[in-house]
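The opening position of the sequence shown corresponds to residue 1 in full-length UniProt numbering, with each subsequent residue numbered one higher.
We put the beta carbon where it would ideally sit given N, CA and C, even for glycine.
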Amino acid sequence: MFDYSAPENLLQDRTIVITGAGDGIGRAAAKACAARGATVVLLGRTLEKLEKVYDEIEAAGHPQPAIVPMNLESAGEHDYQELAAKLEQEFGKIDGLLHNASLLGLRTPVESYDPVVWNQVMQVNVTAAFLLTQALLPLLAQSEDASIIFTSSGVGRKGRAFWGAYSVSKFATEGLSQILADELENTTNIRVNCINPGATRTQMRANAYPAEDPNSNPAPDEIMPVYLYLLGPDSREVNGQSLDAQ
Ligand code: NDP
């Protein structure tokens, strides 16, 4: 596991946007950030799941979160601009942006991969992250110390049979992260990095590996150290990296 121990007040006075915050790793990240003092903006497509996370954070006495119901598959440029305007009004700046939401798509040979699903996966995993980043960059630039995190995967570094659009989308994610990191280096206070969570006990993992014993993998809350490290001030000099959570 990534070796980092986050102080309790690590993310105090920071506002952090997390996509796919209603389940799995995103849910754990939202709760971990709130527990370190951050105001978290919970973005996802299933309102009930987001409300549950909201309630859990509130019940724990952490800073009151915000909820943004948004389907990254159908959202357009205008929706992202509208979101940016709302966040600017409410918070004035954004200190962290965690691109976590993803679709697994199909596990099938390229030869027979359904083009409709291909486009859905690319839209959610790559294009939505591009559009959201573009819309929020002005707000991230208002922060003294902002961090953007993209979520990669082992198959985003080395292609593997039957992983189709998901694998391609994760290579693209690594690319987008590197390009942005290079563009923003030395010109802003925004750093950009990737995290590869590694095998983690979530619904997506269960869908990808139905025969596996889920308990053989760590729970999402166990892989949080690297997320907290990259979102807090201790990683200030880290830019353009792709780190492993485990
Ligand atoms: P889950 O499927 O458990 O959670 C994904 C989250 O993304 C869900 O909350 C889901 O919403 C949300 N989401 C999916 N599609 C959309 C959409 N169109 N609009 C808005 N939100 C959406 O996945 P994990 O927690 O396992 O994965 C999190 C990240 O980690 C992903 O980027 C994944 O690729 C990556 N990863 C995971 C690994 C693992 O072993 N778990 C390994 C390597 C990488 P809803 O709850 O409504 O479905």
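Asked, Found
"Burial state of L72 (16 or more Cβ within 10 Å)", "buried"
"Start and end residues, beta strand (DSSP E) containing P138", "Element bounds for P138: not the beta strand (DSSP E) but the alpha helix (DSSP H), 128–140."
"Three or more C-beta pairs below 8 Å linking the region 220–236 and the region 13–29", "yes"
"Beta-carbon spacing of K93, S169 below 7 Å", "no"
"The region 173–187 touching the region 209–225, judged by at least three CB pairs closer than 8 Å", "no"
"First and last residue of the uninterrupted beta strand (DSSP E) at T151", "146–151"
"Proximity test, L72 beta-carbon vs the ligand NDP heavy atom, cut-off 6 Å", "yes"
"Start and end residues, beta strand (DSSP E) containing T39", "39–44"
"Option in A208, A35, K49 with minimal Cα separation from I57", "A35"
"Coil, strand or helix - P218 by DSSP", "coil"
"Cβ separation of V41 and V68, assumed to be a contact under 8 Å, to the nearest whole Å", "6 Å"
"Closest Cα partner of P218 within the set A30, A206, N207, T200", "T200"
"Inter-residue CB distance, T151 and S216 (contact presumed, cutoff 8 Å)", "The Cβ separation is near 21 Å, so there is no contact."
"Near the ligand NDP: T151 beta-carbon under 6 Å from a heavy atom", "yes"
"Nearest candidate by alpha-carbon position, reference A38, set K158, P197, R205, Y54", "Y54"
"The region 190–206 contacting the region 18–26, beta-carbon criterion three pairs below 8 Å", "yes"
"CB of L83 within 7 Å of CB of I148, strictly", "no"
"Inter-residue Cα distance where the pair is A245 and V192", "16 Å"
"beta-carbon L92 near the ligand NDP non-hydrogen atom, thresh 6 Å", "With the sequence shown as reference, residue 92 is identified as Gly, and Leu is not the correct amino acid for it. G92 Cβ: outside cutoff for every heavy atom of the ligand NDP."
"Contact belief for residue 253 with L139 at Cβ below 8 Å, rounded distance in angstroms", "Outside the modelled stretch of the chain, which goes from 1 to 246, sits residue 253, for which no answer is possible."
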